[in-house]
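Protein chains in written order, with the numbering used here: chain Z, 219 to 430; chain B, 26 to 35.
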């Protein structure tokens, strides 16, 4: 555990909580892509099956349980409790274009050809692109609520901090996991355009809106 | 191929 890893995890947690609170306080999930939220629930579920097979630490177990719990709570909000506010008309990204290639790739490029390991690999690849329906939705509507941009910022920051964590671990522990690193790079790059808008607009007090 | 996949990260 190093400072980048810990702040990365906390940033991830902050993102998830911000989203849940935003929906709860405003009683609305407007502007949120339910499809991205489904993908994140799939990511956590397929990655954390090792909760049943191995124990790493109390920290590790509790964070996994919290992430999974929050992911399903978010889904419950979007598709049940606040379903009337869900903007499905703008949430039109075709997730099969992500699921099929990612599923295929996880069978082809993995550390070990075993069910749990393939599911872990699948979750790493899927996470790297799971935000695309949300970004697509924002590009379609041309705007995002400020609180939604805070959510996206912390979600993007988390993987960027993990990149520093991996550099750290490579130098000080000789550890590296090529699958996680490459997927983490892809994931972070997908946020770059958003980071730019966040810094140049949202942090200066303006609403995030895209030119028509 | 890695010796033993060890996923201690989240």
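Backbone N, C-alpha and C define an ideal beta-carbon position, used for all residues, glycine too.
Closest Cα partner of residue i within the set the options
i: residue 352 of chain Z; options: Z/221, Z/258, Z/230 and Z/244; result: Z/258
i: residue 378 of chain Z; options: Z/310, Z/416 and Z/408; result: Z/408
i: residue 423 of chain Z; options: Z/384, Z/390, Z/404 and Z/365; result: Z/365
i: residue 417 of chain Z; options: Z/375, Z/397 and Z/394; result: Z/375
i: residue 343 of chain Z; options: Z/325, Z/426, Z/249 and Z/358; result: Z/325
i: residue 274 of chain Z; options: Z/254, Z/318 and Z/219; result: Z/219
i: residue 267 of chain Z; options: Z/292, Z/286 and Z/240; result: Z/286
i: residue 359 of chain Z; options: Z/430, Z/224, Z/395 and Z/272; result: Z/430
i: residue 356 of chain Z; options: Z/323, Z/330 and Z/251; result: Z/251
i: residue 214 of chain Z; options: Z/312, Z/231, Z/323 and Z/249; result: Outside the shown range of chain Z (219 to 430) lies residue 214 of chain Z, about which nothing can therefore be said.
i: residue 226 of chain Z; options: Z/255, Z/296 and Z/383; result: Z/383
i: residue 419 of chain Z; options: Z/243, Z/333 and Z/368; result: Z/368
i: residue 279 of chain Z; options: Z/293, Z/262 and Z/421; result: Z/262
i: residue 372 of chain Z; options: Z/413, Z/334, Z/288 and Z/333; result: Z/413
i: residue 303 of chain Z; options: Z/245, Z/350 and Z/253; result: Z/245
Where the alpha helix (DSSP H) through residue i begins and ends
i: residue 396 of chain Z; result: 396-418
i: residue 319 of chain Z; result: 314-326
i: residue 432 of chain Z; result: Because chain Z here runs from 219 to 430, residue 432 of chain Z falls outside it and cannot be looked at.
i: residue 263 of chain Z; result: 252-265
i: residue 223 of chain Z; result: 221-244
i: residue 429 of chain Z; result: Where residue 429 of chain Z is concerned, there is no enclosing alpha helix (DSSP H), given that its DSSP letter is neither H nor E.
i: residue 34 of chain B; result: Run containing residue 34 of chain B: none; DSSP gives neither H nor E here.
i: residue 296 of chain Z; result: No alpha helix (DSSP H) contains residue 296 of chain Z, which DSSP labels as neither H nor E.
i: residue 346 of chain Z; result: 333-347
i: residue 380 of chain Z; result: 364-391
Whole-number beta carbon distance between residue j and residue i, since they are thought to touch under 8 Å
i: residue 403 of chain Z; j: residue 370 of chain Z; result: With a Cβ gap of about 18 Å, residue 403 of chain Z and residue 370 of chain Z do not count as contacting.
i: residue 340 of chain Z; j: residue 264 of chain Z; result: 6 Å
i: residue 361 of chain Z; j: residue 426 of chain Z; result: 6 Å
- Query: Does the count of Cβ pairs from the stretch 384-401 of chain Z and the stretch 237-248 of chain Z closer than 8 Å reach three?
  - Reply: Touching, no.
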